[in-house]
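Sequential numbering from 511 applies to the sequence shown in my numbering. A short worksheet on the structure shown next.
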Amino acid sequence: MLNLRSALLVVSIIGISVHIMYATDCVKGIAVVKSNTVNGLVRFETTADGNNVTVSINVTGLVPAGDHGFHVHKFGDLSDGCMSTGPHFNPYNQTHGAPNDTVRHVGDLGNILSDKDGNIVLSYNDSQIKLSGANNIIGRAVVFHALVDDLGRGMGERTAESKKTGNAGGRVGCAVIGIAKD
């Protein structure tokens with residue numbers, strides 16, 4: 511009779527690689543944004559090489575022709591609206607920065623520019639957020655901010671807050687990032 515130990519021995523002898531997929535391992539995520547003004551979808555998809563996540567944004571209702579800070583926040587808790595999402599997702603306790611900075615929060619996704627009608631339709635890749643593993647954003651929240659993110663480069667009296675939030679202002683839209691069906 512074949513037991514688990516024998517099966518594992520057979521697998522290791524013949525060199526079969528086994529990957530166990532957990533509920534949080536996925537290749538696609540989705541956030542459905544519904545607020546008083548900001549509405550739309552943010553999709554996340556692991557690239558074919560597995561090194562990046564493509565972020566695709568299609569939202570309406572932002573201040574027209576303005577830059578808005580855009581981040582993944584630590585908690586997927588909307589019990590007090592966007593305020594209960596906590597700080598930026600920062601598992602390595604880094605200071606705030608730009609998406610291409612070596613030192614940044616994992617959740618620092620920079621600025622996004624709305625068009626003349628307050629809409630954003632854009633896609634780009636990010637190398638730090640992931641849909642599985644240590645930098646997994648599934649179950650966390652995506653947040654749109656009212657102001658431009660200074661990317662951690664604020665000066666003078668704005669320096670301390672810049673290193674935490676980028677002085678991106680209030681939270682105008684948010685959603686929990688869930689696992690998307692294929």
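Built from N, CA and C at the ideal position, the CB exists for glycine as well. Nothing here was measured: the structure is a model prediction, and the numbers come from that model.
Check: Kindly indicate which residue of Leu657, Ala685, Ile567, Asn635 has the alpha-carbon position closest to the one of aspartate 559.; Outcome: Asn635
Check: Looking at the unbroken beta strand (DSSP E) that takes in glutamate 667, where does it start and where does it end?; Outcome: Looking at the DSSP string, glutamate 667 is not in any beta strand (DSSP E), and its letter there is neither H nor E.
Check: Would you give the residue range spanned by the beta strand (DSSP E) that histidine 615 belongs to?; Outcome: No beta strand (DSSP E) holds histidine 615; DSSP gives it neither H nor E.
Check: At what residues does the beta strand (DSSP E) containing aspartate 577 begin and finish?; Outcome: 577–583
Check: Using a threshold of 9 Å, state whether the C-beta atoms of valine 686 and histidine 655 are closer than that.; Outcome: no
Check: Going by the CB atoms, is the gap between valine 548 and threonine 564 shorter than 9 Å?; Outcome: no
Check: Could you give the residue range of the beta strand (DSSP E) that holds alanine 651?; Outcome: 651–655
Check: Does the beta-carbon of serine 672 have 16 or more other beta-carbons within 10 angstroms, so that it is buried, or is it exposed?; Outcome: buried
Check: If we ignore side chains and look at the alpha-carbon of each, how far apart do valine 582 and histidine 598 end up?; Outcome: 6 Å
Check: So what's threonine 564 in DSSP terms, helix, strand or just coil?; Outcome: strand
Check: Where does threonine 605 fall in DSSP's three states?; Outcome: coil
Check: Given a cut-off of 9 Å, decide if leucine 661 and glycine 620 are closer than it, judged by their beta-carbon atoms.; Outcome: yes
Check: Decide if threonine 556 is buried, meaning its Cβ has at least 16 other Cβ atoms within 10 Å, or exposed.; Outcome: buried
Check: Skipping 5 residues on each side, what residues in its chain have a beta carbon closer than 7 Å to that of cysteine 536?; Outcome: Leu641, Ser642, Ile648, Ile689
Check: Which stretch, first to last residue, makes up the beta strand (DSSP E) that contains lysine 538?; Outcome: 538–544
Check: For a quick check, are the C-beta atoms of asparagine 629 and histidine 615 less than 9 Å apart?; Outcome: no
Check: Is threonine 557 helix, strand or coil when you go by DSSP?; Outcome: coil
Check: Grouping DSSP H, G and I as helix and E and B as strand, with all else coil, what is lysine 640?; Outcome: strand
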